[in-house]
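Chains as they are written, first to last, in numbering that gives the first Met the number 0: chain Z, 0 to 247; chain H, 0 to 247. First comes the structure, then the notes that go with it.
There are 2 protein chains.
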Amino acid sequence: MATEKVFHLGPVRVRVNAAGDDAAPRQRLSRERIVDVALAQMKERGYEAVSMRSIAKDLGTGPASLYAHVANKDELDQLLIDRVAGDFPIPEPDPERWDEQLKQSLLDMLTVYRAHPGVARATLGMIPTSPGAMRNAEGVMALCRAGGIPDQLAAWACDMFALYMGAVAIEEDVWRARAAAAGEGGEPLREEDMVAAVHDVFASLPADEFPLLRSLASVMTTGDADDRVGFAVDIMVEGLKALARREA
Amino acid sequence: MATEKVFHLGPVRVRVNAAGDDAAPRQRLSRERIVDVALAQMKERGYEAVSMRSIAKDLGTGPASLYAHVANKDELDQLLIDRVAGDFPIPEPDPERWDEQLKQSLLDMLTVYRAHPGVARATLGMIPTSPGAMRNAEGVMALCRAGGIPDQLAAWACDMFALYMGAVAIEEDVWRARAAAAGEGGEPLREEDMVAAVHDVFASLPADEFPLLRSLASVMTTGDADDRVGFAVDIMVEGLKALARREA
DNA sequence: ACCTGAACACCGTTCAAGT
DNA sequence: ACCTGAACACCGTTCAAGT
Chain Z
0 MATEKVFHLG
10 PVRVRVNAAG
20 DDAAPRQRLS
30 RERIVDVALA
40 QMKERGYEAV
50 SMRSIAKDLG
60 TGPASLYAHV
70 ANKDELDQLL
80 IDRVAGDFPI
90 PEPDPERWDE
100 QLKQSLLDML
110 TVYRAHPGVA
120 RATLGMIPTS
130 PGAMRNAEGV
140 MALCRAGGIP
150 DQLAAWACDM
160 FALYMGAVAI
170 EEDVWRARAA
180 AAGEGGEPLR
190 EEDMVAAVHD
200 VFASLPADEF
210 PLLRSLASVM
220 TTGDADDRVG
230 FAVDIMVEGL
240 KALARREA
Chain H
0 MATEKVFHLG
10 PVRVRVNAAG
20 DDAAPRQRLS
30 RERIVDVALA
40 QMKERGYEAV
50 SMRSIAKDLG
60 TGPASLYAHV
70 ANKDELDQLL
80 IDRVAGDFPI
90 PEPDPERWDE
100 QLKQSLLDML
110 TVYRAHPGVA
120 RATLGMIPTS
130 PGAMRNAEGV
140 MALCRAGGIP
150 DQLAAWACDM
160 FALYMGAVAI
170 EEDVWRARAA
180 AAGEGGEPLR
190 EEDMVAAVHD
200 VFASLPADEF
210 PLLRSLASVM
220 TTGDADDRVG
230 FAVDIMVEGL
240 KALARREA
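In structure tokens form, the structure reads like this:
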């Protein structure tokens, strides 16, 4: 509609992205702009809220227009992953402290996911062939080599690491979305309230059938997300070392 | 419509579930029957394919009718989990072989999920307060106690185990759904073909940026689902033992 | 109390038509 | 080649009305 050839319409030159545009900046569409909008919407309102239609609306067009640039929503999800996975940092392996480096790499994965809420959900069931995911896997394999981990163990560990860290990110995402949805018609529910609620569920379990959970209610609900993830990362890396020792 | 009071309509007694009914057995609705149909549909066609509407159709009614028995789809998902989680077997802890028992328990979780395809998807982001999940957690805690694992480690391990095993089940589910969808208009794609495809992706990576993945293409794609899960279970339990030793 | 039809506000995707 | 409007076949949920 608005082409670049329209000049001299009045006293001022018409600019395509004039500030008065009602949230519909008419540039040419592109995969890049579609991905930009999708990521922005996910960050703002969560994975579920992003649709072909919502993206199109923010771009000032209809959903059909997107299909000239992406085959379908699966491909769009793949593009989001590609974009985000490029942020994974990979360290130079140091045989003296490869295990600490590996733990840090895993935590970095989560940091990247957290910086792009919603994207982790798109990874479920995707075979991770994106360049970013590949670089990450190459980095993990290199660290394992530096630590003398047999290749087969390292390969399977790669798979496990990606699946677990992705699952954590997805779970956090679902939680955030739920909390936001609950807060839509009132104040958003606070994390400590939910923890307290879970604690009470444990504490009020029947003592005969659930003696441990009941008496350990506090222990079961101790620690925040970072504590739990830190523990899981420890378990995975220490477990990997233990298996490698056993194999040798 | 069809009530139990309709007798003597002809030579034979009218039975509510007469074989001639066109897939619409009109009994009274109930949470139980709704859950039955939902599970059956998930097993048949995967999580994505079951909706309030598809369930209602199989029950011979409209979607609105379901809302007299379940508050919404989230609650229905919770009911599915409750039903399935009841199948988790829990062993009597034996301090001599608690670790092997724990590994078996984790594999059992996956077996139950596999017997009810789609249900694992419903667990994402649910706080596992269902009786079945509770029994499972109690069982894991008891095994950890038998193994002398400190309570706090055991509690966090519970969380990690559930998240990882759920993630595996979900991933398998997504894969199955994708394979089935691809096979809708042709032959369903075989597992070995997909593995071969992934192998080729690794093998054709640029050698300068991905030396390890490229040369280890075979190692990266070795092993079936059970190999990978068995390895992960080993890592988690051995890692837990290692952390417990370090703490002592 | 339980069930229903019709409606509301959404989806992803396709397709003929426009420029 | 790129974009569009309109349509198709779906969603979850609500609500007034029926029995």
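The beta-carbon is built from N, C-alpha and C at its ideal position, and this holds for glycine as well.
Self-check item: Cβ-based contacts, 7 Å cut-off: residues of the region 171 to 203 of chain Z near chain H
Solution: 173, 174, 177, 197 and 200
Quiz prompt | C-alpha distance - residue 143 (chain Z) paired with residue 28 (chain H), whole-angstrom precision | solution = 56 Å
Quiz item: Going along chain H in order, which residues have a C-beta closer than 7 Å to the C-beta of residue 209 (chain Z)?
Solution: 133 and 137
Exercise. Could you tell me whether the region 169 to 180 of chain H touches the region 113 to 133 of chain Z, using the rule of 3 or more Cβ pairs below 8 Å?
Key: yes
Quiz item: Between which two residues does the alpha helix (DSSP H) carrying residue 318 (chain Z) extend?
Solution: As shown, chain Z starts at 0 and ends at 247. That puts residue 318 (chain Z) outside it, with no answer to give.
Practice problem: Can you tell me which of the three DSSP states residue 87 (chain H) falls into? | Solution: coil
Practice problem: Go ahead and label residue 71 (chain Z) buried or exposed: buried means 16 or more other beta carbons lie within 10 angstroms of its beta carbon, across all protein chains shown. | Solution: exposed
Exercise. With 7 Å as the threshold, decide whether the Cβ of residue 123 (chain H) is near any Cβ in chain Z.
Key: yes
Quiz item: Using the beta-carbon count (16 or more within 10 Å), is residue 189 (chain Z) buried or exposed?
Solution: exposed
Quiz item: Considering residue 135 (chain H), what are the terminal residues of the alpha helix (DSSP H) in which it resides?
Solution: 130 to 145
Quiz item: Would you report the Cα separation of residue 86 (chain H) and residue 111 (chain H), rounded to the nearest angstrom?
Solution: 7 Å
Practice problem: Report yes if the CB atom of residue 141 (chain H) is closer than 7 Å to the CB atom of residue 92 (chain H), and no otherwise. | Solution: yes
Quiz item: From what residue to what residue does the alpha helix (DSSP H) around residue 211 (chain H) run?
Solution: 210 to 214
Practice problem: Answer yes or no: does any C-beta atom of chain H fall closer than 7 Å to that of residue 108 (chain Z)? | Solution: no
Self-check item: Below-7 Å beta-carbon distance, residue 237 (chain Z) vs any chain H residue
Solution: yes
Quiz item: So which residues on chain Z does residue 144 (chain H) lean against when the C-beta distance must stay under 9 Å?
Solution: 211
Quiz item: Mind listing which residues of the region 63 to 90 of chain H have their C-beta closer than 7 Å to chain Z's C-betas, in chain order?
Solution: none
Exercise. Return helix, strand or coil for residue 232 (chain H), following the three-state DSSP convention.
Key: helix
Quiz item: Got a sec? Which residues, its chain only, sit under 6 Å from residue 245 (chain H) by beta carbon, not counting five neighbours each side?
Solution: none
Self-check item: First and last residue of the uninterrupted alpha helix (DSSP H) at residue 109 (chain Z)
Solution: 97 to 114
Quiz item: What's the C-alpha gap between residue 146 (chain Z) and residue 45 (chain H)?
Solution: 41 Å
Self-check item: C-alpha distance - residue 196 (chain Z) paired with residue 77 (chain Z), whole-angstrom precision
Solution: 37 Å
Self-check item: CB contact check: residue 158 (chain Z) to chain H, cutoff 7 Å
Solution: yes
Practice problem: Kindly give me the distance between the Cβ atoms of residue 219 (chain Z) and residue 154 (chain H), rounded to whole angstroms, as I take these residues to be in contact under 8 Å. | Solution: 5 Å
Self-check item: Where residue 238 (chain H) sits in the DSSP three-state scheme
Solution: helix
Self-check item: Neighbour flag for residue 163 (chain H) against chain Z, beta carbons, 7 Å
Solution: yes
Exercise. Mind listing the chain H neighbours of residue 151 (chain Z)? Cutoff is C-beta to C-beta under 7 Å, in chain order.
Key: 218 and 221
Exercise. Quick one: give me the first and last residue of the alpha helix (DSSP H) that residue 26 (chain H) is part of.
Key: Unbroken run through residue 26 (chain H): none, as it is neither H nor E.
Practice problem: Flag residue 155 (chain H) as yes if its beta-carbon sits less than 7 Å from any beta-carbon of chain Z, otherwise no. | Solution: yes
Quiz item: Just by C-beta distance, which residues in the region 225 to 236 of chain H are closer than 7 Å to chain Z?
Solution: 227, 230, 231, 233, 234 and 235
Quiz prompt | Test: residue 215 (chain H) CB closer than 7 Å to a CB of chain Z | solution = yes
Exercise. Put residue 247 (chain H) into one of helix, strand or coil per three-state DSSP.
Key: coil
Quiz item: When the Cβ atoms of the region 154 to 174 of chain Z are set against those of the region 217 to 235 of chain H, are three or more pairs found closer than 8 Å?
Solution: yes
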